[in-house]
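In my numbering, the protein residues as written are 10 to 447.
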Amino acid sequence: MSKEESKKLFIQTLGCQMNDTDSQHIAAELKKYKDYDKTENIEDADLIIINTCSVREKPVQKLFSEIGQFNIKKKDGAKIGVCGCTASHLGNDIIKRAPYVDFVVGARNISKIKDVVDIKGAVEISIDNDESTYEFAPAKTNKYRASVNISIGCDKKCTYCIVPNTRGEEISIPPEMIVEQVKKAVDDGAVEVMLLGQNVNSYGRRFSDGRAKYSFTKLLQDVSKIENLQRIRFTSPHPLHMDDEFIEEFAKNPKISKCIHMPLQSGSTEILRAMKRGYTKEWFLNRAKKLRDLVPNLRITTDIIVAFPGETQKDFEDTLDVVNQVKFDQIFNFKYSPRPETEALKLEHLEIEDKIGSARLTELIELHKRYLEDHMPKLIGTTVTILVESLKPNSEISGYTDNYLQVFAKGSDELLGKFVDVKVTDVTRTALKGEIVK
Ligand code: SAH
Ligand code: SF4
Ligand code: F3S
C-alpha cells in the first residue's frame, strides 16, 4: 500500500474515561507503528476496533449485535478487533461466538495492539501485564485538554464491580513519567489535564520498580508546578481515601478544578458494608461537609447504585437523605447489574425485584431534577469565568467554568483557548447560557 493511501482505522469507544484514553492510545500506537489514520466512516476502514465496557450487563449484550453490524458494513478484507474490559473477561469466547473477529486485546494489554493487529485469532488478555511504565504516545481529548493515566488496575474489591477482574491489580505510574507526559501535553498547547485512574487517591502505594510509597496529594503538588498548565482535574477519587491532607490541598491549590467526583454508591451504612466500600454514611457526609466548608462554589458529582441485593426501603431512604444533604450537582444513577465473578453474586437470594429497582431509580432521578430546577436559576445574573474550547458554525462558543459547568455564549474563533468572563442570562438543568463581558 503506498504512503498516499494510508490504512484507515475506525474506533468506537464504550465505557469510562479510562477507556477513552485507551482508545486514544490504541489510535496513537497504530499510527506510530502501523501507519493507520483515523476515519469516522466505517465503510472506509481497513481496521474496525470496538473498545468495550463490562461494568453493566447491557453494553456486553450490545457488543455482539454491534460487531455483527460491523461485519456486515465493513469493506472486503477489513479486520475487526475487540478491545477493553469485555475483551479481558470474555477473551477467546468472543472469537468462538463471532469467528469474523480477528483479534482480542484486554484493557490491561493495550500496548500489545501493534503486535496483534496482523495476527488472525490473536488473544492478548493477560491480567498480569504491567503497562505502568510503557510510554504511550500522548492522548488528547481536544486541543486544550489532555488525559494522563496515573495508575493501572484497581486494588479495591467492591463486591458489585467487575473492574478489578478486567483491569487487574493496581500499579502506580512513576510520578516523573506523569509530570513528563503533562509537560509534553502543555508544550503541545494543552492548558488542562485530567489525571485518570480507577482510584486516584490511593495513588503511590505500589510501583513496579518497588520504590518507596508516594501520595496523590504530592502528585497534585508536582503537577501543579508545571508552568502554563492552568487546570488540573482527576477522576475517580474514592471517598474512603479523602483524608484531611488531600481535602486541604484540593481547597487551597488554585490550579485544581473545583469540581469533585464523590462516588457515593449508597447512602446506607449497611449496604456500603455489603458493597465493601470501607466507609459509612457519616464518613461520607463528613467529607462532603468539609469540602463544602473549605471550597466556595464547589460542585460535587456522584455515582449511585440502587437496588443492590438486600437494599430495603429504609436503606434507599438513607441514599435519598444523603442526596438531600450533600446537594450533588450531577448524579450518575445505575440500577444494580449482577456481574460475573463478583462477590455480590453470592447475595443472589436477596436480589431486588426489577420493578422496585426501576421505581427507586425514577424516584432518585425526579428528586435530583427538582433540586436542579430550584438551584440552577440562582446562577442567573452571576458572572463566571470559562475556558473557551469550541465554536459552532452559528458563532456559539462553549467552554467550562473552573467548577466544570458547561457555558454557552456568542463569540468568535479568536477566543478559543482563552479564559473569558460570561454573565449568566439563562440556565438549563445542566448548563449555563450568557453574554461575554470581558
Ligand atoms: N473506579 C471508579 C469507577 C467504577 S465503574 C469508581 O470507583 O468510582 C463506574 C460506576 O459504575 C461505579 O461508580 C458504579 O456506580 C457503577 N457500577 C459498577 N459496577 C456496577 C454494577 N455491577 N451494577 C451497576 N452499576 C455498577
Ligand atoms: Fe470498581 Fe470499586 Fe475499583 Fe471503582 S474502586 S473500579 S467501583 S472495585
Ligand atoms: Fe467499563 Fe472497564 Fe471502565 S468495565 S467503566 S470500561 S474500567
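By construction, the Cβ of each residue, glycine as well, lies at the ideal position given by its N, Cα and C atoms.
As the structure is a computational prediction, the values presented were derived from the model and not from experiment.
1. Could you check the C-alpha separation between Val172 and Gly162 for me, to the nearest Å?
2. Run the proximity test for Gln207: is its beta-carbon closer than 8 Å to any non-hydrogen atom belonging to ligand 1?
3. Between the C-alpha atoms of Asp218 and Val416, what's the straight-line distance to the nearest angstrom?
4. If you draw a straight line from the C-alpha of Pro402 to the C-alpha of Glu444, how long is it?
5. Can you tell me whether Thr311 is buried or exposed? The criterion is at least 16 other CB atoms within 10 Å of its CB, across all chains shown.
6. Within a Cβ cutoff of 6 Å, which residues of the same chain sit near Met27, ignoring the five residues on either side of it in sequence?
7. Any contact between the segment 382 to 395 and the segment 223 to 237? By contact I mean 3 or more CB pairs, one from each, below 8 Å.
8. With the cut-off set at 9 Å, would you say Ile89 and Ile81 are in Cβ contact?
9. Can the beta-carbon of Phe255 be found less than 9 Å from the beta-carbon of Val304?
10. Where DSSP assigns a beta bridge to Glu201, which residues make up the other side?
11. Mapping DSSP to helix, strand and coil, what is Cys170?
12. Apart from the five residues just before and just after Leu464, which ones in its own chain have a Cβ nearer than 7 Å to its Cβ?
13. Ligand 3 heavy atoms versus the CB of Asn138: any closer than 8 Å?
14. When DSSP labels each residue in this structure, what does Ile395 get in the three-state scheme?
15. Within its chain, find whatever has a CB closer than 6 Å to the CB of His377; leave out the 5 residues flanking it on each side and keep chain order.
16. What are the boundary residues of the beta strand (DSSP E) that Thr22 is part of?
17. Quick check on the DSSP output: the beta strand (DSSP E) that includes Gly77 runs from which residue to which?
18. So Tyr42 is in the alpha helix (DSSP H); what residue range does that whole segment cover?
19. Would DSSP call Ser211 helix, strand or coil?
20. Ligand 3 heavy atoms versus the CB of Leu72: any closer than 8 Å?
21. Buried or exposed, going by whether 16 or more other CB atoms sit within 10 Å of the CB of Pro349?
22. Would Thr95 and Pro68 qualify as a contact pair, given that the criterion is a beta-carbon distance under 9 Å?
23. Specify the secondary structure class of Leu373 as computed by DSSP and reduced to three states.
24. Can we count Ser277 as close to ligand 1, meaning its CB is less than 8 Å from some heavy atom?
25. Check whether the segment 56 to 66 and the segment 138 to 152 are in contact - that is, three or more C-beta pairs closer than 8 Å.
26. Taking C-alpha atoms, which residue in Thr391, Lys427, Leu400 lies nearest to Val436?
27. Ordered along the chain, which non-local residues of its own chain (more than five positions away) have a Cβ less than 8 Å from that of Leu228?
28. Of the choices Ala418, Ile269, Asp55, Ser32, whose alpha-carbon is the least far from that of Glu14?
29. Over what stretch of residues does the beta strand (DSSP E) that includes Leu229 continue unbroken?
30. Just to confirm the assignment, what range does the beta strand (DSSP E) spanning Phe145 have?
31. Within 10 angstroms of its Cβ, does Thr434 collect 16 or more other Cβ (buried), or is it exposed?
32. Looking only at its own chain, which residues have a Cβ that is under 7 Å from the Cβ of Lys222, when we skip the five neighbours before and after it?
33. With a threshold of 7 Å on Cβ separation, who are the neighbours of Glu279 within its own chain once the five nearest residues in sequence on each side are excluded?
34. Should Gly198 be labelled buried (16 or more other beta-carbon atoms within 10 Å of its own) or exposed?
35. For Gly408 and His358, what's the separation of their Cα atoms in angstroms?
36. Does any heavy atom of ligand 3 sit closer than 8 Å to the C-beta of Thr61?
Quick look at the numbers:
1. Stepping through the sequence shown from its first residue, residue 172 is reached at position 163. Stepping through the sequence shown from its first residue, residue 162 is reached at position 153. Rounded to the nearest angstrom, the two C-alpha atoms are 8 Å apart.
2. Position 198 of the sequence shown holds residue 207. Gln207: yes, Cβ under 8 Å from ligand 1.
3. As a working note, residue 218 is residue 209 in the sequence shown. As a working note, residue 416 is residue 407 in the sequence shown. Computed Cα separation, rounded: 44 Å.
4. Locating residue 402 in the sequence shown gives position 393, counting from the first residue. Locating residue 444 in the sequence shown gives position 435, counting from the first residue. Distance from the CA atom of Pro402 to the CA atom of Glu444, rounded to whole angstroms, is 17 Å.
5. Mapped onto the sequence shown, residue 311 falls at position 302. Looking at its Cβ environment, which holds 16 or more other Cβ atoms inside 10 Å, Thr311 is buried.
6. Position 18 of the sequence shown, counting from 1, holds the residue named residue 27. Around Met27: Leu205.
7. Using a Cβ-Cβ distance cut-off of 8 Å, the segment 382 to 395 and the segment 223 to 237 are not in contact, since fewer than three pairs of beta carbons, one from each stretch, lie closer than that value.
8. Stepping through the sequence shown from its first residue, residue 89 is reached at position 80. Stepping through the sequence shown from its first residue, residue 81 is reached at position 72. Result no, Cβ atoms of Ile89 and Ile81 do not sit closer than 9 Å.
9. Your numbering for residue 255 matches position 246 in the sequence shown. Your numbering for residue 304 matches position 295 in the sequence shown. No, the pair does not count as a contact, with Cβ atoms beyond the cut-off.
10. One-based indexing of the sequence shown puts residue 201 at position 192. Answer by DSSP bridge pairing, in chain order: Arg154, Arg240.
11. As a working note, residue 170 is residue 161 in the sequence shown. Cys170: coil per DSSP, three-state reduction.
12. The requested residue 464 does not occur in the structure, where the chain is confined to residues 10 to 447.
13. Here residue 138 is taken as the residue at index 129 of the sequence shown, counted from 1. Taking 8 Å as the cut-off, one finds no heavy atom of ligand 3 near enough to the beta carbon of Asn138.
14. Numbered from its first residue, the sequence shown carries residue 395 at position 386. In the three-state scheme derived from DSSP, where H, G and I count as helix and E and B as strand, Ile395 is classed as strand.
15. Counted from its first residue, the sequence shown places residue 377 at position 368. Cβ neighbours of His377 beyond the five flanking positions: Ile340.
16. Working through the sequence shown from its first residue, we reach residue 22 at position 13. Looking at the DSSP string, the run of the beta strand (DSSP E) that includes Thr22 is 16 to 22.
17. As a first step, residue 77 must be located in the sequence shown, where it is residue number 68. Counted as a single uninterrupted DSSP element, the stretch harbouring Gly77 is not any beta strand (DSSP E) but the alpha helix (DSSP H) occupying residues 66 to 82.
18. The residue given as residue 42 occupies position 33 in the sequence shown. Here the alpha helix (DSSP H) through Tyr42 covers 26 to 43.
19. The residue given as residue 211 occupies position 202 in the sequence shown. Judged by DSSP in its simplified three-state form, Ser211 adopts helix.
20. Stepping through the sequence shown from its first residue, residue 72 is reached at position 63. Incorrect: Leu72 has no Cβ contact closer than 8 Å to ligand 3.
21. As a first step, residue 349 is located in the sequence shown; it is residue number 340 there, counting from the start. The residue is exposed, with fewer than 16 neighbouring Cβ atoms inside 10 Å.
22. As a working note, residue 95 is residue 86 in the sequence shown. As a working note, residue 68 is residue 59 in the sequence shown. Taking C-beta atoms as the reference points, Thr95 and Pro68 count as a pair closer than 9 Å.
23. For the purposes of this step, residue 373 is identified with residue 364 of the sequence shown, where counting begins at 1. The three-state reading of DSSP puts Leu373 in helix, counting H, G and I together.
24. Residue mapping note: residue 277 aligns to position 268 of the sequence shown, counting from 1. Taken from the Cβ of Ser277, every heavy atom of ligand 1 lies 8 Å or farther away.
25. Verdict: no, contact absent.
26. For this step, residue 436 is matched to residue 427 along the sequence shown. Ranking the options by Cα distance to Val436, first place goes to Thr391.
27. The count along the sequence shown starts at 1 and reaches residue 228 at position 219. Same-chain partners within the cutoff: Ile159, Pro184, Ile187, Leu204, Tyr212, Gly213.
28. By 1-based counting over the sequence shown, the position of residue 14 is 5. Ranking Ala418, Ile269, Asp55, Ser32 by CA distance to the CA of Glu14 puts Asp55 first.
29. By one-based count along the sequence shown, residue 229 stands at place 220. Here Leu229 belongs to no beta strand (DSSP E); instead the alpha helix (DSSP H) covers 225 to 233.
30. Within the sequence shown, the letter at position 136 stands for residue 145. Counting along the chain, Phe145 falls outside any beta strand (DSSP E), and DSSP gives it neither H nor E.
31. The residue you call residue 434 lines up with position 425 of the sequence shown. By the neighbour-count rule (16 or more Cβ atoms within 10 Å), Thr434 is not buried but exposed.
32. Residue numbering aside, residue 222 sits at position 213 when the sequence shown is read from its first letter. Excluding sequence positions up to five before and after Lys222, its CB lies within less than 7 Å of the CB of Gly213, Arg214, all in the same chain and listed in chain order.
33. If you number the sequence shown from 1, residue 279 lands on position 270. Spatial neighbours of Glu279 in its own chain (CB-CB distance under 7 Å, excluding positions within 5 residues in sequence) are listed in chain order as Asp324.
34. The residue you call residue 198 lines up with position 189 of the sequence shown. The Cβ neighbour count for Gly198, taken over all protein chains shown within 10 Å, is under 16; the residue is labelled exposed.
35. The residue labelled residue 408 in the question sits at position 399 within the sequence shown. The residue labelled residue 358 in the question sits at position 349 within the sequence shown. The straight-line gap from Cα to Cα measures roughly 48 Å.
36. Counted from its first residue, the sequence shown places residue 61 at position 52. Ligand 3 approaches Thr61 closely enough that one of its heavy atoms is under 8 Å from the residue's Cβ.
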